[in-house]
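Below you'll find the structure, written out as structure tokens, and then a few comments.
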Amino acid sequence: MNKKLLFEIGVEELPARFIPGAMRHMAERGEQLLSAARLRPQSVEVSATPRRLVLSATVSAMQPDQQKEVKGPPVKAAYDAQGAFTRAALGFARGQGVSAESLYRAPYEGGEYVFAKVEERGRSALEVLAEVLPELLLSFSFPKAMRWASYDIKWARPIRWIVALLGDQVINFEVAGIQADRQTYGLRFLHPDPISVPDASQHERLLSEAHVILNHEERYRTIKQLVQEAAAQRGGHVDENDEALFREVTDINEYPSVVVGGFDPEYLKLPVEVIITPMRLHQKYFPVYQTDGSLLPLFITIRNGLADEQGNVRVGNEKVLAARLADAAFFYEEDRKIKLVDRLPRLETLVFQEKLGTMRCKAERLQRLAPAICRVLGGSAQECATAERAALLSKSDLVTNMVFEFTELQGVMGGHYAISDGEDPAVAKAISEQYRPNSSGGALPETVAGRALALADKIDSLTGYFGIGSIPSGSQDPFALRRAALGVIAIIKEAGVRVALTPLIKQAYDLYGGDVQFKNDRSTTCSLLDEFFRGRMRSALTEDGYRYDLVDAVLAGGELDPFDFHTRIAALDRVSGTEDFLTALAVFNRAGNLASKATTDSFDRGALPEEADQQLVAAYENARQKVTEALHRGGNG
């Protein structure tokens, strides 16, 4: 017989960024614990709002009976010289509730022991869950946790209530002074009083009546529909692909309603990024666009509660945005009074990394590294000159008011200020592309100069940090070096050009000069980065769907060249299942096995007795030349 399990952890408002991870953990760990407890969980579902994490499942009302094997003493201690049971064996049998005659021998970890088969009666799910659910609650790990009152536990936010029901029965346990019962709560300001849940199956309906949309995906779809309809009604649209914002807004609301506000059209003279950054990142507003992609002087936000009939929420949000845009407009005008090139001296006051010097030093290194990379990418003389100029100015926006206030706009504002300064638009474009991609799957640089600068920036950072020994380990990557390496790989793949990274790493290392005291010498740094990049390539190629053995084969040797890795594995993937390839592989393995038995490395062609042997060597040398040429062309020729 199965019953519906409901487990709700009620808390003070959780940060939105905690919720996705908490949901994954509750689903995975919850199912593990329920399965380990022999409750045969089915239909495990997890939902969340800012004030609650909820697990529901169908579980067995009783554990099934089971037969266990219990290890006893070693055989030599269980029997005496006459083969009779010793006191140790008799005591073991008595302790397990079985007869000594039912004991049996079995090997275990290099020895032989006596074992007993013990029948274990299943316990009721109500009893078992009183042990399992507290364990689940205490198993969470959050980016930040806190203590409250005098309780000796840490959690993301203080726990305020616990609902634990098996069908219509309360599961009896206590955590942090909170006794599990059937009392839940609706939307904070509309339904402050407790709501009694008579049965686990009625929980979601009762919350809906109390203005809480419990189902996470339903709330997400509701918000997306509200926002899209509000924009369409005003002749515009929102960015439907802004998944991060839609998800974050989902995680800060329990009962969404839409609010549409506006701002002074004069602010539309500002760069679009200056307007939408405070909207999206600071206020969680959705910008509204016209069909041509330009902004409308509108924003859409989501209120946690009933519709804003009086307009008070709209007015409040408009005031907040107006203040932020006024600040942004002031910063923009003030920043434009000083050219990027004139800000270079101030970069000497901005530290790149304590052991790696200032941002001025970094800009000067990039000024030399970027054009070198540009030439490797096949850039023209003009493109490489653009990369050199962009590199010099690339970090100047870090000392502007705008980037100090909105750090997310680094690089982007540099591009706008470069245009304002009268720099070549190509230079401005490259500056704006230097941090791309800024996330997995993010936009890549579109220009050769932009690619060169972005690669230079990442290679310089990777070389510096590995040189001083700051290497990612485990889950620790405080300087986002894994992301930088994946960015290098993605840019080179997109460029479609062979780029040997080791010579560029050596050049980057040398550009640091004697002012930096590296922990690792150049050779060690190159070796460490070679291993690091191959590890990132392994992840990237595996995620692309290539077989593990093909990935291993491609990464086993050759230059550290991401594009070459991609082209070679694509070629290998095309032929790896063909009859010709399998035949060639068999011949190669046979030849390798024979060669491994050789006692000398020398080879005397004249000593070959048969014409067939001479023909085989000629065929080998011809094939070797073709393979070498193909590898030089890119690995799939």
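To convert, take the position in the sequence shown, counting from 1, and add 928; that gives the numbering used here.
Just so you know, even glycine gets a beta-carbon here, dropped at the ideal spot from N, CA and C.
Taking a C-beta distance under 8 Å as the contact criterion, residue 1181 and residue 1123 do not qualify as a contact pair. For residue 1194, there is no enclosing beta strand (DSSP E), as DSSP marks it with neither H nor E.
Across the set 1121, 1458, 1478, 1484, the C-alpha of 1478 shows the shortest separation from the C-alpha of residue 1505. Per DSSP, the continuous alpha helix (DSSP H) segment holding residue 1057 begins and ends at 1053-1066.
In the DSSP assignment, residue 1032 falls within the unbroken beta strand (DSSP E) covering 1032-1036. A straight-line Cα-Cα distance of about 38 Å links residue 976 and residue 1196. Taking the C-beta atoms as reference points, residue 1185 is found no nearer than 8 Å to residue 1220. For the alpha helix (DSSP H) assignment, the uninterrupted runs of no fewer than 4 residues enclosed by the region 986-1055 are, from N- to C-terminal side, 1003-1006, 1015-1024. Three or more Cβ pairs drawn from the region 1341-1357 and the region 1317-1326 lie within less than 8 Å of each other, which places the two stretches in contact.
Residue pairing by DSSP places residue 1109 opposite 1091 in a beta bridge.
Residue 1291 and residue 1380 have their alpha carbons spaced roughly 14 Å apart.
Counted as a single uninterrupted DSSP element, the alpha helix (DSSP H) harbouring residue 1247 occupies residues 1240-1263. By the beta-carbon neighbour count (other beta carbons within 10 angstroms, threshold 16), residue 1172 is exposed. Contact annotation: residue 1366 and residue 1397 have beta-carbon atoms that are not nearer than 8 Å. If you compare the alpha carbons of 1332, 1414, 1438, 1144 with that of residue 1370, the shortest gap goes to 1414.
The alpha-carbon separation between residue 1053 and residue 1510 amounts to approximately 56 Å. Of the residues 1489, 1151, 1046, the one whose Cα lies closest to the Cα of residue 1213 is 1151. The alpha carbon of residue 1089 has as its nearest neighbour, out of 1057, 1125, 1296, the alpha carbon of 1125.
Beyond the five residues adjoining it in sequence on each side, residue 1147 comes within less than 6 Å, by CB distance, of 1141, 1178 in the same chain, given in chain order.
Put simply, of 994, 932, 1243 the residue whose alpha carbon is nearest the alpha carbon of residue 1092 is 932.
Under the three-state reduction of DSSP output, residue 1181 falls in the coil class, being neither helix nor strand. Under the DSSP definition of a beta bridge, residue 1103 partners with 1106. Here the alpha carbons of residue 1210 and residue 1337 stand approximately 13 Å from one another. When secondary structure is reduced to three states using DSSP, residue 1226 falls in the strand class. In the three-state DSSP reduction, residue 1406 falls in the coil class, being neither helix nor strand. With a cut-off of 8 Å on Cβ pairs, the region 984-998 is in contact with the region 1038-1057, counting three or more such pairs. Under the three-state reduction of DSSP output, residue 1451 falls in the helix class. The beta carbon of residue 1164 is closer than 7 Å to those of 1216, 1217, 1218, 1224, 1226 in its chain, skipping five residues each way along the sequence. Residue 999 is a Cβ neighbour of residue 1036, given a cutoff of 8 Å. Assignment of beta-bridge partners to residue 1217 by DSSP yields 1165, 1223. Closest by C-alpha distance to residue 945, out of 1042, 1030, 1084, 1526, is 1084. Residue nearest to residue 1138 within the set 1112, 936, 1153 is 1112 (criterion: CA-CA distance). Excluding residues up to 5 positions away in sequence, 1166, 1186, 1214, 1228 lie with their Cβ nearer than 7 Å to the Cβ of residue 1155 in the same chain.
Contact between residue 950 and residue 1117 is absent: CB atoms are separated by about 24 Å, not below the 8 Å threshold. Cβ-Cβ separation between residue 934 and residue 1131: approximately 5 Å, consistent with a contact (criterion under 8 Å). Rounded to the nearest angstrom, the gap between the Cα atoms of residue 1133 and residue 984 is 14 Å.
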